[in-house]
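Per the numbering used here, residue 6 is the first one in the sequence shown, and the count goes up by one each step.
Contents: one structure, followed by commentary.
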Amino acid sequence: EVGTIQPIREIARLAKEAGAVFHTDAVATTGTIPVDVKELAVDALSLAGNQYYGPKGVGALWLKKGLRIIPFLDGGVQEGGKRAGTENVPAIVGLGKAAELAKAETESRMYRFSALRDRLIEGLLSRIEHMILTGHPTQRLPGNASFCIEFIEGEAMLLLLSSKGVAASSGSACTSRALKASHVLTAMGIPPEIAQGSLLFSFGLENTKEDVDYVLEVLPPIVDRLRQMSPLYAKFLKGQKGGS
């Protein structure tokens, strides 16, 4: 959700010291940063095809040799007895081909997305006051720029951005329909009233520098417009005047 690259190898070590099996959800990494299960020392790792231009509705689960799991779907011997049901062969082939292309292009995608991400982050933080970057400032996914903008709600920003032809989200795609503050952001210590103003931009292969510059042009006026209607912002300004 916030793009931070976690110290998975260290977490895996701690898990193993406690006798736990460690799984990592690595769906956001494929094709953007190198991932090596041996280097990470995890017991299980999952990927999703739609995250790297593969078919939707298909993914992959890597399991360490010798690790046994209880099937979620029982009744058949497909996929080594780990998941019952006839395999979707075209989707599996598409998943494999997308993974092959993503691996070959990882380095170029990483540098390209990072450049777009940094341009957006630097541009927005210099143009909009009371806006914070969420997640680690440098150890983050190349294609992720996540913010919290104070005094306004993320949903309102999304509606106005959409009217300008800009696609963004408020929080992770898994919880984007939830109208409450992200539990991830509040767990990071961000107050709920600020977490309500979360805004996430993700970059893909078709995005360009011109797309970033367009967001830098249209978002600041949107923020200004919404803040003019915000009781929280009015209260903030009143407090500033009273303090001075």
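We put the CB at the ideal spot given by N, CA and C, even for glycine.
Beta-carbon contacts of residue i that lie in its chain and below 6 angstroms, excluding the five residues immediately before and after
{"i": "F27", "result": "A17, A20, V47 and D48"}
{"i": "G80", "result": "A89"}
{"i": "Y57", "result": "T35, G36, A103 and A107"}
{"i": "T29", "result": "I13, V47 and L50"}
{"i": "P142", "result": "none"}
{"i": "L221", "result": "G128"}
{"i": "A96", "result": "P60 and V63"}
Contact set for residue i: own chain, Cβ-Cβ below 7 angstroms, skip 5 residues either direction
{"i": "L165", "result": "I227"}
{"i": "M115", "result": "T37, I38 and P147"}
{"i": "V189", "result": "E6 and V7"}
{"i": "N55", "result": "K61"}
{"i": "L130", "result": "M136 and L138"}
{"i": "N212", "result": "L121"}
{"i": "K169", "result": "V223"}
{"i": "E110", "result": "G36"}
{"i": "K87", "result": "I74 and P76"}
{"i": "I126", "result": "L138 and A150"}
{"i": "S235", "result": "F156 and I157"}
Cβ distance (whole Å) where residue i is taken to contact residue j below 8 angstroms
{"i": "I154", "j": "G85", "result": "Their Cβ separation, rounded to whole angstroms, is 48 angstroms, which puts I154 and G85 out of contact at 8 angstroms."}
{"i": "I13", "j": "L45", "result": "5 angstroms"}
{"i": "A33", "j": "V40", "result": "That pair is no contact at about 10 angstroms."}
Within 9 angstroms, strictly: CB atoms of residue i and residue j
{"i": "A173", "j": "F206", "result": "yes"}
{"i": "I133", "j": "L231", "result": "no"}
{"i": "G128", "j": "D218", "result": "yes"}
{"i": "F208", "j": "F77", "result": "no"}
{"i": "L163", "j": "F152", "result": "no"}
{"i": "K214", "j": "A120", "result": "yes"}
{"i": "R145", "j": "T9", "result": "yes"}
{"i": "S175", "j": "L204", "result": "yes"}
{"i": "L237", "j": "I157", "result": "yes"}
{"i": "N149", "j": "G140", "result": "yes"}
{"i": "P197", "j": "K185", "result": "yes"}
{"i": "V42", "j": "K69", "result": "yes"}
Own chain, CB closer than 8 angstroms to residue i, minus 5 neighbours either side, in chain order
{"i": "E92", "result": "Q83 and E84"}
{"i": "T191", "result": "P197 and A200"}
{"i": "Q233", "result": "none"}
Query raised in the report: Any contact of the stretch 97 to 110 with the stretch 63 to 70, i.e. 3+ C-beta pairs under 8 angstroms?
Result: yes
Query raised in the report: In chain order, which continuous runs of the beta strand (DSSP E) of length 3 or greater are located wholly inside the stretch 208 to 247?
Result: none
**Report entry** Whole alpha helix (DSSP H) elements within the stretch 134 to 209, 4-residue minimum
**Finding:** 159 to 168, 188 to 192 and 197 to 200
**Report entry** Minimum length 4: unbroken alpha helix (DSSP H) runs contained in the stretch 103 to 138
**Finding:** none
Query raised in the report: Quick one: complete alpha helix (DSSP H) runs, 4+ long, within the stretch 36 to 62?
Result: 42 to 45
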